[in-house]
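S.K.:
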Amino acid sequence: MNANEKEVVVLVGSGQIGQAIARRVGSGRHIVLADVNQEHADRAAAVLESTGFKTSTLAVDISSRSSIFGPHRSCQAVRRH
């Protein structure tokens, strides 16, 4: 299996840096954008999808351990499909 066959999940803020990382490593992969603000993640996903990326979004507060476990399960579900 080469690197492009592996699922990549990007759990970063959905600002300019997060979008740049997603563009750099996300080609041919499913990108999950996580941000404390769901609207920001949705806007970033729309930008990425308009250029051909496949995305999902999640609201996550990385300062809260319990906030991270739900997205972790969601990412596992994306990986299986």
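Residue 1316 in my numbering sits at position 72 of the sequence shown, with consecutive numbering throughout.
For glycine and all other residues, C-beta sits at the position ideal for the given N, C-alpha and C.
Every value quoted in this text rests on a predicted model; they were computed, and no experiment measured them.
1. Between Glu1251 and chain C, is any beta-carbon pair separated by less than 7 Å?
2. Ser1258 and Ala1290 - do their beta-carbons sit closer together than 7 Å?
3. Out of Ala1288, Gly1296 and Asp1279, which one is the CA nearest neighbour of Ser1308?
4. Taking the C-alpha atoms as reference points, what is the distance between Asn1246 and Arg1287?
5. Less than 7 Å between the beta carbons of Ala1264 and Ile1275, yes or no?
M.R.: Reading it off the structure:
1. This model lacks chain C altogether, as it is built from one protein chain only.
2. No, they are not a contact pair.
3. Asp1279
4. Below a pLDDT of 50, predicted positions are generally treated as unreliable, and Asn1246, at 47, falls in that range; no measurement from the model is reported.
5. no
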